[in-house]
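Keeping their order, the protein sequence lines are chains A and B.
First residue of the first sequence? That's 1 in the numbering used here, and the numbers climb one at a time after it.
First residue of the second sequence? That's 1 in the numbering used here, and the numbers climb one at a time after it.
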Amino acid sequence: MATVKGAIVVDTERCKGCGLCVVACPVKILGLSQKEVNKRGYPFSMQLEDKCIGCASCAIVCPDGCISVYKTKI
Amino acid sequence: MTREDIIKPENLVYKKPTLLNDNTMHYCPGCSHGVVHKLIAEVIEEMGLADKAVGVSPVGCAVFMYKYLDIDCQEAAHGRAPALATAIKRLWPDRLVFTYQGDGDLACIGTAETIHALNRGENITIIFINNAIYGMTGGQMAPTTLMGMKTATCPYGRDAKIHGYPLHMTEIAATLEGTAYVTRQSVQTVAAIRKAKKAIRKAFENSMNGKGSNLVEIVATCNSGWKMSPVAANKWMEENMFPYYPLGDLKDKE
Numbered sequence: 001m002a003t004v005k006g007a008i009v010v011d012t013e014r015c016k017g018c019g020l021c022v023v024a025c026p027v028k029i030l031g032l033s034q035k036e037v038n039k040r041g042y043p044f045s046m047q048l049e050d051k052c053i054g055c056a057s058c059a060i061v062c063p064d065g066c067i068s069v070y071k072t073k074i
Numbered sequence: 001m002t003r004e005d006i007i008k009p010e011n012l013v014y015k016k017p018t019l020l021n022d023n024t025m026h027y028c029p030g031c032s033h034g035v036v037h038k039l040i041a042e043v044i045e046e047m048g049l050a051d052k053a054v055g056v057s058p059v060g061c062a063v064f065m066y067k068y069l070d071i072d073c074q075e076a077a078h079g080r081a082p083a084l085a086t087a088i089k090r091l092w093p094d095r096l097v098f099t100y101q102g103d104g105d106l107a108c109i110g111t112a113e114t115i116h117a118l119n120r121g122e123n124i125t126i127i128f129i130n131n132a133i134y135g136m137t138g139g140q141m142a143p144t145t146l147m148g149m150k151t152a153t154c155p156y157g158r159d160a161k162i163h164g165y166p167l168h169m170t171e172i173a174a175t176l177e178g179t180a181y182v183t184r185q186s187v188q189t190v191a192a193i194r195k196a197k198k199a200i201r202k203a204f205e206n207s208m209n210g211k212g213s214n215l216v217e218i219v220a221t222c223n224s225g226w227k228m229s230p231v232a233a234n235k236w237m238e239e240n241m242f243p244y245y246p247l248g249d250l251k252d253k254e
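Given below as structure tokens:
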């Protein structure tokens, strides 16, 4: 049973959809937007499932610093 | 527990460093430059040297470094960043002076400046981004291009008979008397990024403590120049670049 729960906030306008966070996520809950794009035409990264552990791997590998990570104990 | 309960300022564990400003970077999606910029911003922030840091960026993709980092920056002519950094550090010994150079800049056009600045033991740090290609100008062959690697100017692959061999600048720097810390790192995984951050921190501390010159090579990707997706470029780098440019500390003068 997980004792920590995390969540991420993606700065979608800054995101360029490189997909490095998607591969870096150890619980595989990130994906790129399928139908939406940001103002500059890039698909952006988003949290697809509610299983985030707040490890910040996605944010650390993000070349554009678009991801903020929150973590709390439950 | 809902998402809104988690997303509160007191639960924040990681965000973009404040020294990296809100300008959207011009780098291609997935470019290693962004990660290295972020690491530099984090290290300077942690060392509390935001008012004392001076970055020197010459020509290359990183020419716009001053737009993204909220520190003092100076533009240099192509390859001449170490010469300029020498002047800045000598006139302002209490400043943290670093240069940020690509492989085309450091290993080709600025070879002389780089080697002499390192050999003189100037108290500066050189951050060397090695992606084995001239990324900014459209993917031409660089001195560090791997054997057999195809670029715009060697479309049949690099051939030793015509183009010579890839240049190991970091190995050369390790043999120089003036260097204090010479290392080669990469930024493709979380573990590698943490190591690279430690290396940058050590190099910055050395240059502030007057131990000599420091060279931190970052083996990086240029996915648009290599014509791959960012994820494939990272994999290609691990398979092809690392055997030729092995990671690790080459010199650490305590």
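Glycine residues also receive a C-beta, built at the ideal position from the N, C-alpha and C atoms.
Computed from a prediction, not measured in an experiment: that's the story for all the values here.
- Remark: fewer than three beta-carbon pairs, one from each stretch, lie closer than 8 Å, so the region 9 to 19 of chain B and the region 28 to 45 of chain A are not flagged as touching.
- For Gly41 (chain A), the closest Cβ of chain B is not nearer than 7 Å.
- Sixteen is the threshold: since fewer than 16 other Cβ atoms of the shown chains lie within 10 Å of the Cβ of Ile162 (chain B), the residue is exposed.
- Closer than 8 Å at the C-beta level to chain A, one finds no residue of the region 130 to 156 of chain B.
- In the displayed model, Tyr68 (chain B) falls within a helix according to three-state DSSP.
- Less than 7 Å divides the Cβ of Gly110 (chain B) from the Cβ of Gly79 (chain B).
- Taking C-beta atoms as the reference points, Gly65 (chain A) and Lys16 (chain B) count as a pair closer than 7 Å.
- As DSSP reads the structure, Cys154 (chain B) sits in a beta bridge with B:Thr151.
- Counting only Cβ-Cβ distances below 9 Å, Val10 (chain A) has no contacts in chain B at all, with the closest Cβ about 11 Å away.
- For the pair Tyr181 (chain B) and Asn223 (chain B), the CB atoms are not nearer than the 7 Å cut-off.
- Taking 7 Å as the cut-off, the Cβ atoms of Arg14 (chain A) and Thr2 (chain B) do not count as close.
- Nearest Cα to Val54 (chain B) within the set B:Ala41, B:Cys61, B:Gly60: B:Ala41.
- Taking Met65 (chain B) as the centre and dropping the five residues before and after it, the same chain places the C-beta of His37, Gly55, Ser57, Cys73, Tyr100 closer than 8 Å to its C-beta, in chain order.
- Per the DSSP secondary-structure output, Gly102 (chain B) pairs in a beta bridge with B:Ile129.
- As computed with DSSP, Ser33 (chain A) is found in no beta bridge at all.
- Per DSSP, Ser229 (chain B) is not a residue of any alpha helix (DSSP H), being assigned neither H nor E.
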